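Just below is one structure, and these are the notes that go with it.
Number of protein chains: 2
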Amino acid sequence: MRKLETRKEEIVRVAAQLFKEKGYSAVTMRDLAAEMGIKAASLYNHITSKQDILQTIIISLAEEFTEGMNKVIRSEKSSIEKLKKIVQLHVTIASANTNGMASLNTDWMHLEDQLEYYLKLRNDYEQNFLVIIKEGVKNLEIKSKNPEVIMFSMLSTLRSLYLWLPNKEDVSSSDLALHLSEILIEGINK
Amino acid sequence: MRKLETRKEEIVRVAAQLFKEKGYSAVTMRDLAAEMGIKAASLYNHITSKQDILQTIIISLAEEFTEGMNKVIRSEKSSIEKLKKIVQLHVTIASANTNGMASLNTDWMHLEDQLEYYLKLRNDYEQNFLVIIKEGVKNLEIKSKNPEVIMFSMLSTLRSLYLWLPNKEDVSSSDLALHLSEILIEGINK
DNA sequence: GTCTATAACACGATAGAC
DNA sequence: GTCTATCGTGTTATAGAC
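If you read the protein sequences in the order shown, they are chains A and B. Okay, so the first sequence: first residue is 33 according to our numbering, each after it adds one. Okay, so the second sequence: first residue is 33 according to our numbering, each after it adds one.
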């Protein structure tokens, strides 16, 4: 039996959609209330502030990525296999919450109390990503290109998935992850 | 002899930097004026509105990309060579204006009068990009993967360059374009 | 070309009735 | 749990002096 959505969860879900369309700063509490069919003042029975909503959206996603990365690192796989697992991680999380991913990617700078924590999680994630690529180069699994450029290229694509996934609801998410892994790892040249 | 920067150009340049840091909606005319060392009211002797600034930043960049793409299309090169030219185009434009690229990528939805025009330029650009990839598949130059996924992957990386370039001022922009082309086209697998 | 002053309105958030 | 009313502040933009 699926747990029912609380009122706060509903507010956060609707807010994430509006934040994706216009960005955190351009969405007013009156906009959000109207979309919920209530008055702005009523929102405050469920959340403590607008900032509270942004934190809830971003931090839970950032922690999901951190948890997923930690599992990948602990797994005893080849570097290429680890990268494929990371592609799958991004496809899975982005598919489940495309709206929230927009806030994670473009509105993180509006975090207040939790900004430092977010930046630490993001930085650790990137460092772990980089270590996997460098190990792959050392293992002779990965071409000896600049690892930073490789990470930048892969991560840019993975971080942009939320912009593209909503238009591709016909493609299964496991198919997409396989397809994307091939392009990112094998290239496109025949 | 280099043309001197007009006061409006200076305002637009400083605004682009602030827009990159906090986004269009979160930057106030007082913020911008303070950064220029004047009062907010004084800005209006040089620009007609805040919206005017955003338009100036975004539309000129969008037209640069359109012009560059048109040159690539008219050139009589292989599909792979055309893609390499597009990588070079993005690296060149993004290197010259990293701050403006942030607005182009994340604040375009705040355009008012020019929103439709921007969307047409962007859509045409993507269609041209897709045609080049599809021709490459037909020519047997490019692996027969889903062309939309290939375009999404390449374009995501190219559109994110502005986030990454400011930290890599030591790398020459032609070296970066070559390096990036190799990774995007040949992949990373050994 | 910049200033002070201010118009006209929108913002996040709270108080207290129901 | 939602409402009406409102506080205190911030917003873009204009008018007119210097």
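Note that the Cβ used here is the ideal one computed from N, Cα and C, for glycine as well. Nothing here was measured: the structure is a model prediction, and the numbers come from that model.
- Contact annotation: Val119 of chain A and Leu212 of chain A have beta-carbon atoms nearer than 8 Å.
- Excluding sequence positions up to five before and after Asp63 of chain B, its CB lies within less than 7 Å of the CB of Leu50, all in the same chain and listed in chain order.
- With a threshold of 8 Å between beta carbons, Asn178 of chain B makes contact with chain A.
- Two segments are said to touch when three or more pairs of C-beta atoms, one from each, lie closer than 8 Å; by this definition the region 75-94 of chain B does not touch the region 180-200 of chain B.
- For the pair Ile125 of chain B and Ile182 of chain A, the Cα-to-Cα distance works out to about 21 Å.
- Only residues of its own chain outside the window of five on either side were considered, and among them Ser213 have a CB closer than 6 Å to the CB of Lys116 of chain B, listed in chain order.
- Taking the C-beta atoms as reference points, Thr138 of chain B is found no nearer than 8 Å to Thr60 of chain A.
- Distance from Val46 of chain B to Glu67 of chain B at the Cβ level is roughly 5 Å; contact confirmed, criterion being Cβ atoms closer than 8 Å.
- Scanning B:Arg39, B:Tyr157 and B:Leu143 for the CA closest to the CA of Glu96 of chain B turns up B:Tyr157.
- Those residues of the region 206-217 of chain A placed with their C-beta closer than 9 Å to a C-beta in chain B are Leu208, His211, Leu212, Glu214, Ile215, Leu216 and Ile217, ordered along the chain.
- Here Asn221 of chain B is bridged, per DSSP, to A:Ile174.
- Using a Cβ-Cβ cut-off of 8 Å, Ala58 of chain B counts as an interface residue toward chain A, since at least one Cβ of chain A sits closer than that to its own.
- Residue A:Glu180 holds the alpha-carbon nearest to the alpha-carbon of Ile215 of chain B among A:Asn155, A:Glu42, A:Glu180 and A:Gln146.
- Annotation for Lys82 of chain B: the continuous alpha helix (DSSP H) segment containing it runs Lys82 to Arg106.
- DSSP, reduced to helix, strand and coil, places Asn160 of chain A within a helical segment of the structure shown.
- For Ile43 of chain B, the enclosing alpha helix (DSSP H) stretches over residues Arg39 to Lys54.
- DSSP, read as helix, strand or coil, puts Gln120 of chain A in helix.
- Non-local beta-carbon contacts of Tyr149 of chain B in its own chain, meaning distances under 8 Å to residues more than five positions away in sequence, involve Ile91 in chain order.
- Among the residues facing chain A, Trp140 of chain B is not included, as its CB has no counterpart in that chain under 8 Å away.
- Its chain contains no residue whose beta carbon lies nearer than 6 Å to that of Leu147 of chain B once the 5 sequence neighbours on both sides are disregarded.
- Per the C-alpha coordinates, the member of A:Ile174, A:His78 and A:Leu136 positioned closest to Tyr56 of chain A is A:Leu136.
- Contact annotation for Leu172 of chain A against chain B: Lys222 [CB-CB distance below 7 Å, chain order].
- For the set A:Gly132, A:Ser107 and A:Asn155, the Cα lying nearest the Cα of Pro198 of chain A is the one of A:Gly132.
- DSSP, reduced to helix, strand and coil, places His78 of chain A outside both helices and strands of the structure shown, so it counts as coil.
- The beta carbons of Ala94 of chain A and Arg154 of chain A sit closer together than 8 Å.
- Interface annotation, Val181 of chain B: in contact with chain A, CB-CB separation under 8 Å.
- Contacts with chain B (Cβ-Cβ distance below 7 Å) from the region 106-131 of chain A involve Ile112, listed in chain order.
- For Trp196 of chain A, the enclosing alpha helix (DSSP H) has its first and last residue at Leu193 to Trp196.
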